[in-house]
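So the sequence lines, in the order shown, correspond to chains U and H.
Counting in the numbering used here, the first sequence runs from 1299 upward without gaps.
Counting in the numbering used here, the second sequence runs from 4 upward without gaps.
All residues carry an ideal CB built from backbone N, CA and C; glycine is no exception.
Here is the structure we will look at.
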Amino acid sequence: MNEIISKPFGTALVEHGKKHKDIVVITNDLTASCEADEFAAAFPDRAFKGGMAEQNLALTLSGFAREGMRPIYPSFAVFTTRRPYEQIALSIAYPNLPVRLVGFLPGLTTPGGVSHQAIDDIGLMKQLPNMTVIEASDATDMSSILEETYAIDGPVYIRALRGLVPKLHQSPISIGQSREIFQGSKVLVVVSGSLTATAINVVTELRKEFSDLALININTIKPFGDPHLFARIKEAQTVITYENHLITSGLASEVAMHLAQNPGPRLIPVGINDTFTHGGGLDYLLNFYGIDAEALKNAIYVAYGKAGASTKSSDHVGGKIELNKGVAEGL
Amino acid sequence: MTNKSAAQVARDIRVSAARWTIRANGGYLAQACGSAEIFASLYCNVLDLGPSKGPMQPPKFVSVPNKSRQEINGELWLGDGPDLLVLSPAHYGTAQYCALVSIGRLDESALVSESSDGGLLELIAAEHSPGVVVSAGSLATALGVSVGRAMARRLQKKAGDIWVFLSDGELQEGATWESLQLASAESLTNLKVIVDINGMQVDGPMKEIMPIEPIGDKFAAFGWQVFEVDGNDIDAITAACKKAQSSDKPAAILCRTKPWTGFTFLKKRWDDKKLHFIRLTEAEREGLGKEIAAS
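See the structure below:
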């Protein structure tokens, strides 16, 4: 069982504020929901409420950055990225300003339905020139990401985890460096973000059957170019990507672009496949959209030439919708 | 459409929403409690909706909209008009479902059976949810859609009004004002807005987070006819809506509501500034259960 850390981002944000006087935090209406309340209490002069007015808020971030400060905007990922997209593109990304956009509730991790599920946030952010895109996979990542990205002199999008977050990694996040969790030669699983814990469990289990099954965790979606990862991809016969995001614009698309230029292994993408999504409990949704542990196992069996049956089910009903108990307010 | 009094419908909404919150261990209860008289007044005294075309027991979720889907549309439960009610803040889905149950458009059992995985009664409603027309969980989107619909209906010479239920939080979004601006420029007399002004947002009281007053003056400055009422007073809401129906400008009924109405612990929540999404403590659950039983 993994250790669980409560509010790693919120704690790190306060430390970050102590260390760097040029940090300001602006929230829309999700201050405690996105763990910025402790920062606001510690540094009331550097915490601002922009209201539910995300387009203007993004422009305000641009203004702070143009005055030499490093503004951070934590919100739910849909409100961090999609709602103020034009403003981010032209007023933050284009002038290459050091703004930190932090998006919580990645993919299907919220029961809040289509309006709250960020299934395209990585795609939206990574296609903006100048933008760095990071996806956190555990509490260690969330504790260390702000310091690690501080020196980046341009905009950074951080796909984030909140509340009670499992600790999977011991060493702090390092931009551009993947984490090799299991080494192997034949089939390589590449995972990012909130599904990393699931991938570790699945690969641990299936390595009893397939000893050359490998697992690598990715945190840097853009720039996508870890030489160690590319070397491992080159060695593999099959690469399985596993992500809580649309496969058309997330991790799978980055690996596909690499493979198109460096032909070798075949790719099996496991992720949300060109559909909008709906609300429900986490286990139900992961199953419905074919990204649960069973879906990954199936992909691994397919990679080893043992056809797996689809576990995607539309008649799974009756589950209770669980909420993250580490979060005080808001979905 | 319903033989119940608006007062009874308002009571039903509160009790059903409270039961939902206990059952799900969380819910948007204060939104339902503050707005119960608004929904009750609209359904019992104001709106001319056709009979529901949706089943009393909603089908299971099949798919989000796509090319091959025979989609279920939340609008079915609101009938064929001439009037239409468009719910903007999707966080009021629970209030809307409970209202539909009370006025006999939805089976009460659906509140239980269809609010978990695979059910259409989503916590933050989408347009497959009964009584929901636009997927507007990202706020301040339904009004603009409604402006377009009102313009189209006028062009098509359709009778009836489009009523948009807004929340005051949505007034913080710039998109709301763009929509109000176009409605005014187009002199849309077939568009009515009813605003639940409960004065709260996730972070706390709106006046402390992002003040939006004076709301009435702002609407008026945008060219709207404004009626301002006690939003928990059915007679006052109804009277204002009747006047709005004959307005020669787009009209807004601003309802000042008390989101703690009905259950004592909500007032303490209001005082503690934690009223947006209710996760009950054990003590709150017990007290709420007793108050429901006594009501």
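If we count the other Cβ atoms within 10 Å of its Cβ and call it buried at 16 or more, is Arg108 (chain H) buried or exposed? buried
Starting from Gly1569 (chain U), follow the beta strand (DSSP E) in both directions and report where the run begins and ends. 1564 to 1570
Quick one: is Phe1480 (chain U) near chain H, going by C-beta distance under 7 Å? Phe1480 (chain U) does not count as touching chain H.
Contacts that Gly1411 (chain U) makes with chain H (C-beta to C-beta distance below 7 Å): In chain order, Glu125, Ile127, Ala129, Gly140 make up the part of chain H whose C-beta sits under 7 Å from the C-beta of Gly1411 (chain U).
Looking at the C-beta of Lys1347 (chain U), does it have a partner C-beta in chain H at a distance below 7 Å? yes
Examine the Cβ distances between the stretch 1382 to 1401 of chain U and the stretch 1419 to 1434 of chain U and report whether three or more of them are shorter than 8 Å. yes
Please confirm whether Gln204 (chain H) has its beta-carbon closer than 7 Å to some beta-carbon of chain U. yes
Does the beta carbon of Asp1327 (chain U) come closer than 7 Å to any beta carbon on chain H? Chain H contact via Cβ: present.
What did DSSP end up calling Leu1388 (chain U) once you bin it into helix, strand or coil? helix
In whole angstroms, what separates the C-alpha of Arg1457 (chain U) from that of Ala254 (chain H)? 42 Å
Under the three-state DSSP convention, the category Ala1416 (chain U) falls into: strand
Can at least three beta-carbon pairs, one atom from the stretch 112 to 129 of chain H and one from the stretch 1394 to 1406 of chain U, be found at a separation below 8 Å? no
Do three or more CB pairs link the stretch 178 to 189 of chain H to the stretch 228 to 240 of chain H at distances below 8 Å? Because the criterion of three Cβ pairs below 8 Å is not met, the stretch 178 to 189 of chain H and the stretch 228 to 240 of chain H do not touch.
Excluding the 5 residues preceding and the 5 following Leu183 (chain H) in the sequence, name in chain order all residues of the same chain whose CB lies nearer than 6 Å to its CB. Beyond the five residues adjoining it in sequence on each side, Leu183 (chain H) comes within less than 6 Å, by CB distance, of Phe225 in the same chain, given in chain order.
Can you check which of these residues, H:Gly96, H:Ala39, H:Ala178, is closest to Gln1353 (chain U) by C-alpha distance? H:Ala178
Own chain, CB closer than 6 Å to Pro1306 (chain U), minus 5 neighbours either side, in chain order: Ala1437, Met1440, Ser1441, Val1463.
Check whether chain H comes within 7 Å of His1314 (chain U), counting only Cβ atoms and requiring the distance to be less than that. With a threshold of 7 Å between beta carbons, His1314 (chain U) makes no contact with chain H.
Inter-residue Cα distance where the pair is Glu1313 (chain U) and Gly1474 (chain U): Glu1313 (chain U) and Gly1474 (chain U): Cα-Cα distance of roughly 23 Å.
What span of residues does the alpha helix (DSSP H) with Asn1585 (chain U) cover, start to end? 1580 to 1586
With distances taken between CB atoms, is the gap from Leu291 (chain H) to Ala21 (chain H) smaller than 7 Å? yes
How long is the line joining the alpha carbons of Ala197 (chain H) and Gly1577 (chain U), rounded to whole angstroms? According to the sequence shown, residue 197 (chain H) is Ile rather than Ala. If I take the Cα positions, the gap works out to 27 Å.
At 4 residues or longer, and completely inside the stretch 173 to 218 of chain H: list those alpha helix (DSSP H) runs for me, N to C. 177 to 188, 209 to 212
Measuring alpha carbon to alpha carbon, tell me which residue in U:Pro1409, U:Gln1415, U:Asp1418, U:Phe1402 is nearest Ser119 (chain H). U:Pro1409
Is His1543 (chain U) helix, strand or coil by DSSP? strand
Using C-beta distances below 6 Å, list every residue in its chain close to Phe1574 (chain U), excluding the 5 sequence neighbours before and after it, in chain order. Val1412
How would you call His131 (chain H), buried or exposed, if buried means at least 16 neighbouring beta carbons within 10 angstroms? buried
Would Gln1415 (chain U) pass as an interface residue toward chain H - the criterion being a Cβ-Cβ separation below 7 Å? no
Does the count of Cβ pairs from the stretch 1492 to 1512 of chain U and the stretch 1548 to 1565 of chain U closer than 8 Å reach three? no
Please tell me whether Gly1616 (chain U) has its Cβ less than 7 Å away from any Cβ of chain H. With a pLDDT of 39 at Gly1616 (chain U), under the threshold of 50, the predicted position of this residue should be treated as unreliable, and no value is reported.
Using alpha carbons as the reference points, say which of H:Thr144, H:Ala102, H:Lys63 lies closest to Gln175 (chain H). H:Thr144
So with Cβ pairs under 7 Å, would you call Ala1591 (chain U) a contact of chain H? no
Based on Cα-Cα distance, which residue from H:Leu169, H:Ala113, H:Cys244, H:Val148 lies nearest to Gln228 (chain H)? H:Cys244
Along the chain, which unbroken stretches of the alpha helix (DSSP H) at least 4 residues long are found entirely within the stretch 1437 to 1464 of chain U? 1437 to 1447
Chain U within 7 Å of Glu176 (chain H), Cβ atoms only: yes
Continuous alpha helix (DSSP H) stretch holding Ser38 (chain H): start and end: 32 to 44
With DSSP run on the structure shown, which of helix, strand or coil describes Asn1515 (chain U)? strand
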